[in-house]
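Scroll down for the structure; my scribbles are underneath it.
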Amino acid sequence: MRILYSLLFLLIIVGSSKAGDVKLVENGRSQWRIYVPREAGQVENFAAGELQKYLKKMSGVSLPLVGVNKGDFVIRVGLRVQFGKVKGIAPAKKTGFDGYSVMVAPKQIVIAGDNPRAVLYGVYDVLERLGCRWYQPTLDKKDPEVVPWNDSPELPAGTWAESGKIELRIFNGSAFFFFLDKDKMLAQLDWAAKNRYNGISWQAHHAPDKIAMQMDEMKNAGTFAEMDRRGLFLHGPGHSFPYFLKTEKYYKEHPEWFGLYKGKRLKHGQDFPLMNYCWSNADANREFIKNVDEYVHKYPQHKILCLVWIDGGQLCGCDNCQKRGAANLLIDLFNQLSVHLEKSAPAVTLEAVIGYAPVELPPKGAVPNGKWQGIYAHWGRNHNQSYADTNYSHKGNMA
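So, in structure tokens, the structure goes:
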């Protein structure tokens, strides 16, 4: 059935030629060339390469990449600002995020993006109009991408513009969740870019030493290089507080920095019951912030730094922590950290998880400073129950 559908789809594509269509290849030959401005970055160059690669897969003809922007039969691939003077580039920028415009005329084609990543999206849009489909990551050779054979690929003449309605479109892939899967990471991030995601979410393993190890694993596997080629950013690491205030480094000299439980200071996330560090301790918070700062400069792949305390960890039992409360303490900490990162790493957005134990109840007194964002996730919720369920017990907390 799938083969029959593909053949039918191909026949529709090949047999639907109209007088206004612009042929890219005919009789095994093409007059068209792909131009990328000399000042273009790696994402725009990658986008041009993707256009060249899939047109060849489709028709058997490889359109040459050129660095000279003149003459007819040129497909111009680049930023909108670089093609502002090209006649007919309208429609103008579409309101939204990562927008692009495409113009198809008998002797020129323009794919112009508002930013480098949008240029790549524009290329994938054109390829989809030629019949390409990216239904799932290409993990199985028996179930590859859909690239229909067409020895005369053509596009309808005209112009169109697209943009995303959601600014942050983050892909949560199984290859990046707790245990990295090197065989799937690259295929999943490639699929994410083709489906207009702009970020990859990584949930690090809970063990403190795993965070740096997994960052190195991703780097060595070529994950960061491939993300950079597509203009994708990294979101993570998730549960990571013990990494930024390590028991091995601080417990001996500063036991007062760690969570109090029945009169004893416990190691940070290593012994049961699991205890978060003492969020009311100013010195501990300063050291935590210093270590976060060092991390974001060592690993600049993060655009969204999502920091979450111990999964299932309790609030420190000292009088100050209990009196101030988990939600107020979290806001205090993230307000301080966000002010620091605003100066030290302005390209990084700080994110916390709210509604997640022990930060489950709304704050009383503390107010976020507007320099960081929160994502709601109620720890312990029955996952069969939607947040929109009228019987959801924590609807007031979420609001």
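According to our numbering, the sequence shown is numbered sequentially starting from 1037.
Even glycine gets a Cβ: it sits at the ideal position worked out from N, Cα and C.
Query: When you measure from the CB of Ala1248 to every non-hydrogen atom of the ligand FAD, does any distance come out below 8 Å?; Result: Within the structure as shown, the ligand FAD is missing, as the structure has no ligands at all.
Query: Could you name each continuous beta strand (DSSP E) segment of 3 residues or more that falls completely within the stretch 1102-1142, going from the start of the chain to the end?; Result: 1110-1115 and 1133-1141
Query: Do Asp1245 and Tyr1279 have their C-beta atoms closer together than 9 Å?; Result: yes
Query: Which same chain residues, not among the five before or five after Ser1199, have their C-beta less than 7 Å away from its C-beta?; Result: Lys1130, Thr1131, Gly1132, Phe1133, Asp1134 and Gly1135
Query: Provide the residue(s) that pair with Lys1059 in DSSP beta bridges, ordered along the chain.; Result: Glu1190
Query: To the nearest angstrom, how far is it from the Cα of His1333 to the Cα of Leu1268?; Result: 18 Å
Query: For a minimum of 4 consecutive residues, which ranges assigned as the alpha helix (DSSP H) are wholly contained in the stretch 1139-1183?; Result: 1152-1165
Query: So who's on the other strand from Cys1354, going by DSSP bridges?; Result: None, per the DSSP bridge assignment.
Query: Is Gly1209 closer than 9 Å to Ile1236 when the C-beta atoms are compared?; Result: yes
Query: If you compare alpha carbons, which of Trp1415, Pro1192 and Asn1364 is closest to Arg1013?; Result: For the chain, the structure presents residues 1037 to 1435; residue 1013 sits outside this window and is missing.
Query: Given this structure, state the Cα-to-Cα distance separating Lys1059 from Val1159, to the nearest angstrom.; Result: 16 Å
Query: Quick check on Thr1385: does DSSP put it in helix, strand or coil?; Result: strand
Query: Apart from the five residues on each side of it in sequence, which residues of its chain come closer than 6 Å, Cβ to Cβ, to Asn1327?; Result: Phe1280
Query: With DSSP run on the structure shown, which of helix, strand or coil describes Leu1043?; Result: Residue confidence for Leu1043 is low, a pLDDT of 35 falling below 50, so the modelled location carries little weight; the figure read from the coordinates is stated next. Note: Leu1043 maps to helix in three-state DSSP.
Query: Helix or strand or just coil, what does DSSP make of Pro1273?; Result: strand
Query: Which runs of the alpha helix (DSSP H) at least 4 residues long sit entirely within the stretch 1253-1305? Give them in chain order.; Result: 1259-1266, 1277-1280 and 1283-1286
Query: Where does Leu1366 sit, in a helix, a strand or coil, going by DSSP?; Result: helix
Query: Alpha helix (DSSP H) containing Lys1334: first to last residue?; Result: Ala1318 to Lys1334
Query: Rounded C-beta distance between Met1434 and Gly1401? I'm assuming under 8 Å.; Result: Not confirmed; about 20 Å, so no contact.
Query: Quick one: residues in its chain with C-beta nearer than 8 Å to the C-beta of Ile1202, no 5 flanking neighbours on either side, listed in chain order?; Result: Phe1133
Query: Please report the distance separating the alpha-carbon of Trp1345 from that of Asp1329.; Result: 17 Å
Query: Can you tell me which of Gly1085, Leu1091 and Lys1339 puts its alpha carbon nearest to the alpha carbon of Val1102?; Result: Gly1085
Query: Would you give the residue range spanned by the beta strand (DSSP E) that Asn1231 belongs to?; Result: Careful: Asn1231 lies outside any beta strand (DSSP E) and carries neither H nor E.
Query: Does DSSP classify Ile1346 as helix, strand or coil?; Result: coil
Query: Which first and last residues belong to the beta strand (DSSP E) in which Gln1409 is found?; Result: Trp1408 to Tyr1412
Query: Leaving aside the five residues before and after Lys1143 along the sequence, list all residues of the same chain whose C-beta is less than 7 Å from its C-beta, in chain order.; Result: Asp1108 and Phe1109
Query: DSSP state of Ser1422, grouped into three classes?; Result: coil
Query: CB Val1395 to CB Arg1265, shorter than 9 Å?; Result: no
Query: Between the stretch 1289-1306 and the stretch 1248-1255, do three or more beta carbon pairs fall short of 8 Å?; Result: no
Query: Since I believe Gly1064 is in contact with Gly1096 (beta carbons under 8 Å), could you give me their beta-carbon distance rounded to a whole number of angstroms?; Result: 7 Å
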